[in-house]
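Letter by letter, the sequence shown follows residues 1 to 503 in my numbering.
Working notes for the structure below.
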Amino acid sequence: MVGADHRVALIAKDLVDHFERRLEAMEGKAMVVCMSRRICVELYDAIVRLRPDWHRDGDDQGTIKIVMTGSASDPTDWQPHIRNKARRQELAARFKDPSDPFRLVIVRDMWLTGFDAPCLHTMYVDKPMRGHGLMQAIARVNRVFKDKPGGLVVDFLGLAEELRDALATYAESGGAGETAVDQEQAVAVMTEKYEVCCDLFYGFNWSKWAGSPQERLSLLPAAQEHILTQDDGKARLLEAVTLLSQAFALAVPHDKAIAIRDDVAFFQAVRAVLAKGAPGEQRDAEDLDYAIRQIVSRAIVSDEVVDIFAAAGLKKPDISILSDEFLAEVRDMPPKNLAVELLRKLLIGEIKARGRRNVVQARSFAEMLEEAIRRYQNRAVESAQVIEELIALAEEMREASRRGEKLHLTEDEVAFYDALEVNDSAVKVLGDDTLKAIARELVQTVRNSVTIDWMMRENVRAKIRVMVKRILRKYGYPPDKQAKATQTVLEQAEVLCSEWAVA
Numbered sequence: 001m002v003g004a005d006h007r008v009a010l011i012a013k014d015l016v017d018h019f020e021r022r023l024e025a026m027e028g029k030a031m032v033v034c035m036s037r038r039i040c041v042e043l044y045d046a047i048v049r050l051r052p053d054w055h056r057d058g059d060d061q062g063t064i065k066i067v068m069t070g071s072a073s074d075p076t077d078w079q080p081h082i083r084n085k086a087r088r089q090e091l092a093a094r095f096k097d098p099s100d101p102f103r104l105v106i107v108r109d110m111w112l113t114g115f116d117a118p119c120l121h122t123m124y125v126d127k128p129m130r131g132h133g134l135m136q137a138i139a140r141v142n143r144v145f146k147d148k149p150g151g152l153v154v155d156f157l158g159l160a161e162e163l164r165d166a167l168a169t170y171a172e173s174g175g176a177g178e179t180a181v182d183q184e185q186a187v188a189v190m191t192e193k194y195e196v197c198c199d200l201f202y203g204f205n206w207s208k209w210a211g212s213p214q215e216r217l218s219l220l221p222a223a224q225e226h227i228l229t230q231d232d233g234k235a236r237l238l239e240a241v242t243l244l245s246q247a248f249a250l251a252v253p254h255d256k257a258i259a260i261r262d263d264v265a266f267f268q269a270v271r272a273v274l275a276k277g278a279p280g281e282q283r284d285a286e287d288l289d290y291a292i293r294q295i296v297s298r299a300i301v302s303d304e305v306v307d308i309f310a311a312a313g314l315k316k317p318d319i320s321i322l323s324d325e326f327l328a329e330v331r332d333m334p335p336k337n338l339a340v341e342l343l344r345k346l347l348i349g350e351i352k353a354r355g356r357r358n359v360v361q362a363r364s365f366a367e368m369l370e371e372a373i374r375r376y377q378n379r380a381v382e383s384a385q386v387i388e389e390l391i392a393l394a395e396e397m398r399e400a401s402r403r404g405e406k407l408h409l410t411e412d413e414v415a416f417y418d419a420l421e422v423n424d425s426a427v428k429v430l431g432d433d434t435l436k437a438i439a440r441e442l443v444q445t446v447r448n449s450v451t452i453d454w455m456m457r458e459n460v461r462a463k464i465r466v467m468v469k470r471i472l473r474k475y476g477y478p479p480d481k482q483a484k485a486t487q488t489v490l491e492q493a494e495v496l497c498s499e500w501a502v503a
């Protein structure tokens, strides 16, 4: 009865529709468990009739495969699906690779125990199972992986009673926690989190999100401004959309999830732009997992939405220059809170880049930026005022890039010059000429002493430390300042050693 032609055709259609909607919500893979090898082959054929492009003859191609054992005596139409151990291992490697197009596997017994593919997020069960075997099988889809909040088991035969018995055995043997969540519970949580996100956008009309890509992109600056004007709005949105996304991924393809799909895509697009950090900016694991989630609907969300410059209506600038024209354009942006956020990300990226060349300079600018943003977040200054402060900081950074020309020093020599000076009056009495001479000699000495593995070899570091101290004494560097200067010079050498070693 389970393998009747009419039923297999119905299962195939339902499975294809369901899995494609799952992929709209979350990238990943699925496993189908059938009662017999005959049913595996017939279900494969039924699915391929619906989606011919999923089939490929070679093991290194194709979206769908059967993994089963067999022999030469099996029917002719089974033979393409019968593989030796080496070929099955090659398929396993493909299936475990999240980026491989092999997304759907049909099995009877194989891969149900001892097989670990974290990107597997859906299991279709059309086979009677119970006890330990059932628990082992459903555990295949519940591995932690990226933004996957949990695995989904789709039951075609009615395994609820067997699952309750298996869970009871699991609990009695010392297992703890909730192993399975009914989809209706996920839908209820999704609805609650959806309402929270809607409340954050109360009074804001995002109906244009259903329009053209240009209309969607033009909607984002106003949406960001709406969030940024609220108390702690950015943090609240990041958390709310993250929780909504987790519940949504579990609820799809429930009708209530499909109904709000476009709204979820809008919330995630706004979150993506706000969460998108500057180059090198550190964020926690949760932000990394959910910073750019655009797969809710490929037809709705495009790659454009995460471009902070395009979303702000600006041409992408050369960040290393921060030209007067670009800064003037930012100053005149109507959404002031968005302008602050844009400048903050640009400056963080610029500071990060400088930190790879000049430790002291980057540290100084980072402190200035942190202080300005802290006063803005504490509402000590208005957005317009902090924009002026950030623009002034950008101009100061640009001016700092020209110091080498004025001092007649190379970029590396300026970095060591700053490490020696550190705005200390006791050091400045030596005069620029002396400090420049020290910087030049330090660059030459450290460059000649640096090896590829010097940071891991304490004896080499100790040797450089002695040479640095000797040079400082030679030029009359204040004795009470030498320890700090030596440490700073070593820090500066560390950030430059990789480039020097390669050169």
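For every residue, glycine included, the Cβ atom is placed at its ideal position computed from N, Cα and C.
Small disclaimer: the values here were computed from a predicted structure and weren't measured.
Residue i burial status per 10 Å Cβ neighbour count (16 or more: buried)
i, result
"residue 62", "buried"
"residue 358", "buried"
"residue 87", "exposed"
"residue 30", "buried"
"residue 350", "buried"
"residue 24", "buried"
"residue 193", "buried"
"residue 164", "exposed"
"residue 157", "exposed"
"residue 345", "buried"
"residue 394", "buried"
"residue 224", "buried"
"residue 6", "exposed"
"residue 413", "buried"
"residue 10", "exposed"
As assigned by DSSP and simplified to three states, the class of residue i
i, result
"residue 124", "strand"
"residue 105", "strand"
"residue 315", "Confidence at residue 315 is low in this model, with a pLDDT of 49, below 50, so the placement of that residue should be treated as unreliable; the coordinate-derived value is given next. The answer is coil: DSSP assigns residue 315 none of H, G, I, E or B."
"residue 361", "helix"
"residue 198", "helix"
"residue 89", "helix"
"residue 221", "helix"
"residue 401", "coil"
"residue 61", "coil"
"residue 114", "coil"
"residue 226", "helix"
"residue 467", "helix"
"residue 477", "coil"
"residue 212", "coil"
"residue 505", "As shown, the chain starts at 1 and ends at 503. That puts residue 505 outside it, with no answer to give."
"residue 159", "coil"
"residue 459", "helix"
Residue i - partner residues in DSSP beta bridges
i, result
"residue 68", "82"
Sequence-distant residues of its chain with Cβ nearer than 8 Å to residue i (five each side left out)
i, result
"residue 482", "469, 472, 473"
"residue 178", "Annotation note: pLDDT 48 at residue 178 (below 50); position unreliable, coordinate value reported separately. Closer than 8 Å at Cβ, skipping near neighbours: no residue."
"residue 70", "37, 78, 79, 81, 82"
"residue 3", "35, 36, 38, 39, 42"
"residue 143", "116, 117, 118, 120, 151"
"residue 343", "330, 387, 390, 391, 394"
Opening and closing residue of the alpha helix (DSSP H) in which residue i lies
i, result
"residue 2", "Counting along the chain, residue 2 falls outside any alpha helix (DSSP H), and DSSP gives it neither H nor E."
"residue 245", "233-251"
"residue 408", "Element bounds for residue 408: n/a, residue is neither H nor E."
"residue 50", "37-50"
"residue 136", "131-139"
"residue 267", "261-275"
Start-to-end residues for the beta strand (DSSP E) that takes in residue i
i, result
"residue 34", "29-34"
"residue 154", "152-155"
Neighbourhood of residue i by C-beta distance below 7 Å, restricted to the same chain and skipping five residues each side
i, result
"residue 446", "464, 493"
"residue 420", "427, 435, 438, 439, 485"
"residue 253", "18, 21, 22"
"residue 145", "118, 119"
"residue 50", "12, 13, 16"
"residue 441", "471"
"residue 240", "193, 196, 197, 200"
"residue 416", "439, 442, 443, 489, 492"
Same chain, Cβ closer than 6 Å to residue i, five either side skipped, listed in chain order
i, result
"residue 215", "208"
"residue 389", "372"
"residue 270", "223"
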